[in-house]
Amino acid sequence: AQKITQTQPGMFVQEKEAVTLDCTYDTSDQSYGLFWYKQPSSGEMIFLIYQGSYDEQNATEGRYSLNFQKARKSANLVISASQLGDSAMYFCAMREGGSGTYKYIFGTGTRLKVLA
Amino acid sequence: EPEVTQTPSHQVTQMGQEVILRCVPISNHLYFYWYRQILGQKVEFLVSFYNNEISEKSEIFDDQFSVERPDGSNFTLKIRSTKLEDSAMYFCASGFRDRTYEQYFGPGTRLTVT
Numbered sequence: 537a538q539k540i541t542q543t544q545p546g547m548f549v550q551e552k553e554a555v556t557l558d559c560t561y562d563t564s565d566q567s568y569g570l571f572w573y574k575q576p577s578s579g580e581m582i583f584l585i586y587q588g589s590y591d592e593q594n595a596t597e598g599r600y601s602l603n604f605q606k607a608r609k610s611a612n613l614v615i616s617a618s619q620l621g622d623s624a625m626y627f628c629a630m631r632e633g634g635s636g637t638y639k640y641i642f643g644t645g646t647r648l649k650v651l652a
Numbered sequence: 539e540p541e542v543t544q545t546p547s548h549q550v551t552q553m554g555q556e557v558i559l560r561c562v563p564i565s566n567h568l569y570f571y572w573y574r575q576i577l578g579q580k581v582e583f584l585v586s587f588y589n590n591e592i593s594e595k596s597e598i599f600d601d602q603f604s605v606e607r608p609d610g611s612n613f614t615l616k617i618r619s620t621k622l623e624d625s626a627m628y629f630c631a632s633g634f635r636d637r638t639y640e641q642y643f644g645p646g647t648r649l650t651v652t
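Residue numbers (the numbering used here), protein chains in the order written: chain A, 537 to 652; chain B, 539 to 652.
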């Protein structure tokens, strides 16, 4: 079973508009972390934002915010005021607490295209 | 700001050859990882390394793969006899035990097997 599901293979957004990228996850752990990474065409993985399972507040980092709904097991990324440079692949990832290795499990990604 | 570095950035090799991908993790980190991303697909976990030994490996990480931390700074991934399907981007990551267990990714090595 998929542990991280990103159902939007591709998204378009108009410059300066906000966009939400969906991510749902599945885990039986009580302690886990959720991450979003941006991967531009150059290929590197750029950390955007982190949400811990015990964090009561939704995480925010500049124009990025994470809409964390624990009961629904969703961790959607919201990008406000989109810029052309936001065009990239976006991956949601989960770090489970139980294994001790703290490995990440990634979703299949969403390709975002920002339109001028 | 400290960062994870990887060399080479691109490696082309012939099927059946051995390759070694090199990584220099961030110096005070304790956990080390290799991930693989086949072109157009998601990033997949290969192996994690802690306290000088493998702590977990995926099904992908078969006997053709090995990892080593030969000194205090380098972390290497060796593929003994490369196959066409090993062509991918290989990411090294490192992390330490803090609140988030965030992993810091290197820029990746693109491996092309011909």
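All C-beta atoms, glycine included, are put in the ideal place defined by N, C-alpha and C.
Does DSSP put residue i in a helix, in a strand, or in coil?
i, result
"GLU623/B", "helix"
"GLY633/B", "strand"
"LEU568/B", "coil"
"LEU577/B", "coil"
"GLY645/A", "coil"
"GLU539/B", "coil"
"GLY598/A", "coil"
"ILE598/B", "coil"
"SER611/B", "coil"
"GLU582/B", "strand"
"MET553/B", "coil"
"TYR628/B", "strand"
Which residue's Cα is closest to the Cα of residue i: the options?
i, options, result
"LEU606/B", "TRP572/B, TYR639/B, ASN566/B", "Just to set this straight, residue 606/B is Glu in the shown sequence, not Leu. The candidate whose alpha carbon is nearest that of GLU606/B is TRP572/B."
"THR652/B", "ASN566/B, ASN590/B, PHE643/B, GLY554/B", "GLY554/B"
"SER547/B", "LYS606/A, TYR640/A, GLY579/A, ALA607/A", "GLY579/A"
"VAL557/B", "TYR569/B, VAL581/B, ASP624/B, SER565/B", "ASP624/B"
"VAL585/B", "GLY644/B, PRO608/B, TYR569/B", "TYR569/B"
"ASN590/B", "GLY610/B, CYS630/B, GLY578/B", "GLY610/B"
"ASN566/B", "ILE598/B, TYR588/B, THR614/B, ASP600/B", "TYR588/B"
"GLY644/B", "PRO608/B, ILE598/B, THR614/B", "THR614/B"
"ILE585/A", "ALA629/A, THR637/A, LYS539/A, GLY621/A", "ALA629/A"
Assuming residue i and residue j are in contact, meaning their beta carbons sit under 8 Å apart, how far apart are those beta carbons, in whole angstroms?
i, j, result
"ALA626/B", "GLN549/B", "That belief does not hold up - the Cβ atoms of ALA626/B and GLN549/B are roughly 11 Å apart, past 8 Å."
"GLY569/A", "SER589/A", "7 Å"
"ASN612/B", "ARG560/B", "6 Å"
"ALA617/A", "ARG599/A", "6 Å"
"SER583/B", "TYR640/A", "Checking the sequence, you will find Phe at residue 583/B rather than Ser. With 8 Å as the limit, PHE583/B and TYR640/A qualify as a contact, their Cβ atoms being about 7 Å apart."
"PHE583/A", "ASN594/A", "Not a contact, Cβ separation roughly 17 Å."
"GLN525/A", "ASP562/A", "As shown, chain A starts at 537 and ends at 652. That puts residue 525/A outside it, with no answer to give."
"ALA652/A", "GLU553/A", "That belief does not hold up - the Cβ atoms of ALA652/A and GLU553/A are roughly 12 Å apart, past 8 Å."
"VAL650/A", "THR556/A", "Actually they are not in contact, since the Cβ atoms of VAL650/A and THR556/A sit about 14 Å apart, beyond 8 Å."
"PHE629/B", "MET581/A", "6 Å"
"ALA624/A", "PRO576/A", "4 Å"
"TYR639/B", "SER632/B", "At roughly 11 Å, the Cβ-Cβ gap does not stay under 8 Å, so TYR639/B and SER632/B are not in contact."
Query raised in the report: How about the segment 540-548 of chain B and the segment 590-605 of chain B: do they share at least three Cβ pairs that are nearer than 8 Å?
Result: With the cut-off at 8 Å, the segment 540-548 of chain B and the segment 590-605 of chain B do not touch.
Query raised in the report: Can at least three beta-carbon pairs, one atom from the segment 613-625 of chain B and one from the segment 638-649 of chain A, be found at a separation below 8 Å?
Result: No: the two stretches stay apart, fewer than three of their Cβ pairs being nearer than 8 Å.
**Report entry** Complete beta strand (DSSP E) runs within the segment 552-593 of chain A (minimum length 3 residues, chain order)
**Finding:** For secondary structure counted as the beta strand (DSSP E) over 3 or more consecutive residues, the segment 552-593 of chain A holds these complete runs in sequence order: 555-557, 568-575, 582-588.
**Report entry** Whole beta strand (DSSP E) elements within the segment 615-639 of chain A, 3-residue minimum
**Finding:** With a minimum length of 3 residues, the continuous beta strand (DSSP E) runs that stay inside the segment 615-639 of chain A are 624-632.
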